[in-house]
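Position 17 of the sequence shown, counted from 1, bears residue number 16 in numbering that gives the first Met the number 0, the numbering being contiguous throughout. As structure tokens, the structure follows; a few thoughts come after it.
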Amino acid sequence: MSTFSYASVVDRIYARKSSELYENIAYLHHPSGVTVVVLRTPPESEVTEVDFGNTKKHGADRSTNLVSGKGKKGALILQTDSKLCTFRCKDGSEHVVRAGVRGSLVEGYIAIITYGAGVRDTEGMGDSLAPKRLVLRDE
């Protein structure tokens with residue numbers, strides 16, 4: 000009896016890349032040039048709060064940033080050390096997620112917010128996910 004191992008949908012569509020600068024993030028790179036930032040490992044404790052913060056110069060909230068048009072006008076320009084968000088856990092720890100690559104922030108979304116902070120069960124998670132994700136466009 001032979002067994003088959005198929006690649007997941009994510010692995011078929013995106014190329015997985017790791018960050019050389021930050022150990023807590025990895026990237027999913029699409030052939031169209033879109034890069035999705037993901038955490039390498041889930042936090043050890045339940046997440047209680049996600050803070051998208053404001054940029055120092057413009058005071059723009061990353062969670063409500065709107066982008067329009069073919070050229071993605073209105074996207075926030077990010078450097079490798081740009082902070083995307085900070086999340087706080089139940090045990091009091093605080094984790095900062097940085098971009099790690101240069102690009103434009105097209106959409107900001109953290110899955111933890113939609114299906115409940117700290118929910119560890121993935122069953123039914125796809126039903127409640129909103130259409131937004133954290134997406135960077137290569138420059």
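For each residue, glycine too, the CB sits at the ideal point set by N, CA and C. Bear in mind the structure is a predicted one, so any value in this text is a computation, not a measurement.
Unbroken beta strand (DSSP E) run spanning residue i, endpoints
| i | result |
| --- | --- |
| Arg11 | Per DSSP, Arg11 belongs to no beta strand (DSSP E); it is in the alpha helix (DSSP H), Val8 to Ile12. |
| Lys82 | Lys82 to Cys88 |
| Arg97 | Glu93 to Arg97 |
| Leu20 | Looking at the DSSP string, Leu20 is not in any beta strand (DSSP E), and its letter there is neither H nor E. |
| Ser103 | Gly102 to Glu106 |
For residue i, three-class secondary structure by DSSP
| i | result |
| --- | --- |
| Ala25 | strand |
| Ile111 | With a pLDDT of 49 at Ile111, under the threshold of 50, the predicted position of this residue should be treated as unreliable, though the coordinate-derived value follows. Note: Ile111 maps to helix in three-state DSSP. |
| Arg39 | coil |
| Val66 | coil |
| Glu45 | coil |
| Thr2 | coil |
| Thr79 | coil |
When the options are compared against residue i, the one with the closest alpha-carbon
| i | options | result |
| --- | --- | --- |
| Arg39 | Ile24, Glu19, Gly32 and Ile12 | Ile24 |
| Leu85 | Pro42, Phe3, Glu19 and Ser4 | Per the sequence shown, the amino acid found at residue 85 is Thr instead of Leu. Closest option to Thr85, Cα to Cα, is Pro42. |
| His94 | Tyr21, Ala14 and Tyr5 | Tyr21 |
| Ile12 | Phe51, Thr2, Glu19 and Tyr26 | Tyr26 |
| Ser67 | Gly91, Arg87, Glu106 and Ala14 | Glu106 |
| Glu19 | Leu75, Asp80 and Asp10 | Asp80 |
| Gly73 | Pro30, Ser4 and Ser103 | Ser103 |
| Gly91 | Gln78, Gly52, His28 and Ser44 | Ser44 |
| Gly52 | Gln78, Asp10 and Val96 | Val96 |
| Ser17 | His28, Gly32, Thr2 and Tyr5 | His28 |
Short Cβ contact (9 Å threshold) for residue i with residue j
| i | j | result |
| --- | --- | --- |
| Ala98 | Val36 | yes |
| Val46 | Lys82 | no |
| Arg15 | Asp50 | no |
| Leu77 | Val100 | yes |
CB contact below 9 Å: residue i versus chain B
| i | result |
| --- | --- |
| Ser44 | Among the chains of the structure shown, chain B does not appear; only one protein chain is present. |
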